[in-house]
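Visitor:
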Amino acid sequence: MSFLDLDEWLFELAQHIDLVYSPLADVKEYPEHVDVALVEGAVANEDNLRLIRQVRERTRILIAFGDCAVTGNVTALRNPLGDPAPLLHAIYVERADVGSCMPHTPGIIPPLLDRVQPVHKVVPVDVYLPGCPPPASRIRALLEQTLAGGAIHLAGRDMIKFG
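In my numbering, each residue carries its 1-based index in the sequence shown increased by 553.
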């Protein structure tokens with residue numbers, strides 16, 4: 554939603570980019586030779602792990618976008634619970650109101666990793682954009698620097714504050 558808060562500036566941005574992979578685009582496979590990727594969220598399951606490795610391999614500049622991608626944040630709160638299997642059993646079997654059973658159809662739930670990891674713990678990250686979510690002004694500053702092609706440098710409380 555913060556990205557959409559860029560309002561009219563999105564029209565200007567659209568003149569400088571080609572959106573090649575996004576939840577907004579019906580693209581099933583991450584393309585080759587991507588210049589910049591904004592990666593949102595932590596790495597929590599096998600699908601996330603496969604995709605982030607592919608994104609890193611095929612992308613020149615990888616940006617960890619938001620606190621979950623930067624630190625794991627809320628999604629990593631399950632880490633102290635250890636093995637995720639008992640957690641899934643508690644959710645789907647013990648506390649279910651209806652249809653008490655583990656989902657068993659392949660592809661319904663990607664297998665969870667033992668630990669939720671921020672992106673940089675799995676692949677190298679080039680730029681970190683903190684915030685939950687990052688405010689539109691911070692997103693714009695980052696994208697303007699990225700489009701300019703020079704070094705990306707965010708400084709000062711307004712640009713690097715978490716939360």
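Here a beta-carbon is modelled for each residue, glycine too, at the ideal position from N, C-alpha and C.
1) For R631, which residues in the same chain have their Cβ closer than 7 Å to its Cβ, ignoring the five residues on either side in sequence?
2) Taking G619 as the reference, give the member of R691, G684, K714, I692 with the closest Cα.
3) Grab me the residues of L562's own chain with a C-beta within less than 7 Å of its C-beta, minus the 5 sequence neighbours each way, in chain order.
4) When DSSP builds the beta bridges, which residues end up paired with T612?
5) For the region 642-655 and the region 586-603, state whether three or more C-beta atom pairs, one from each stretch, are separated by less than 8 Å.
6) Could you give the residue range of the beta strand (DSSP E) that holds D667?
7) Within 10 angstroms of its Cβ, does L615 collect 16 or more other Cβ (buried), or is it exposed?
8) Taking the alpha-carbon positions, what's the R691 to A567 distance?
9) Could you please give the first and the last residue of the uninterrupted alpha helix (DSSP H) stretch that includes A622?
10) Give me the Cα-Cα distance between V573 and I713, rounded to the nearest whole angstrom.
11) Where DSSP assigns a beta bridge to A617, which residues make up the other side?
12) Does DSSP classify A694 as helix, strand or coil?
13) Less than 6 Å between C-beta atoms, sequence neighbours within five positions excluded: which residues of the same chain meet that for F715?
14) Tell me whether the beta-carbon of L695 lies closer than 9 Å to the beta-carbon of P686.
Guide: So, from the listed chains and residues:
1) Translated into positions along the sequence shown, residue 631 becomes position 78. P637, L640, V669.
2) Here residue 619 is taken as the residue at index 66 of the sequence shown, counted from 1. Closest option to G619, Cα to Cα, is G684.
3) Translated into positions along the sequence shown, residue 562 becomes position 9. The amino acid at residue 562 is misidentified as Leu; the sequence shows Trp. Correct list, in chain order: R693.
4) As a working mapping, residue 612 is identified with position 59 in the sequence shown. According to DSSP, which records beta bridges pairwise, T612 is partnered with V587.
5) no
6) Residue 667 sits at position 114 when you count from the first residue of the sequence shown. D667 -> beta strand (DSSP E) spans 665-670.
7) What you label residue 615 is simply residue 62 of the sequence shown in a count that begins at 1. The residue is buried, with at least 16 neighbouring Cβ atoms inside 10 Å.
8) Numbered from its first residue, the sequence shown carries residue 691 at position 138. Numbered from its first residue, the sequence shown carries residue 567 at position 14. So the two alpha carbons sit approximately 18 Å from each other.
9) Residue numbering aside, residue 622 sits at position 69 when the sequence shown is read from its first letter. Looking at the DSSP string, the run of the alpha helix (DSSP H) that includes A622 is 620-624.
10) Working through the sequence shown from its first residue, we reach residue 573 at position 20. Working through the sequence shown from its first residue, we reach residue 713 at position 160. Cα to Cα, V573 sits roughly 28 Å from I713.
11) What you label residue 617 is simply residue 64 of the sequence shown in a count that begins at 1. In DSSP, A617 forms a bridge with V592, Y681.
12) Stepping through the sequence shown from its first residue, residue 694 is reached at position 141. A694 falls in the helix class under three-state DSSP.
13) Taking the sequence shown and counting its residues from 1, one reaches residue 715 at position 162. Answer for F715: D620, P683, listed in chain order.
14) Numbered from its first residue, the sequence shown carries residue 695 at position 142. Numbered from its first residue, the sequence shown carries residue 686 at position 133. No, the pair does not count as a contact, with Cβ atoms beyond the cut-off.
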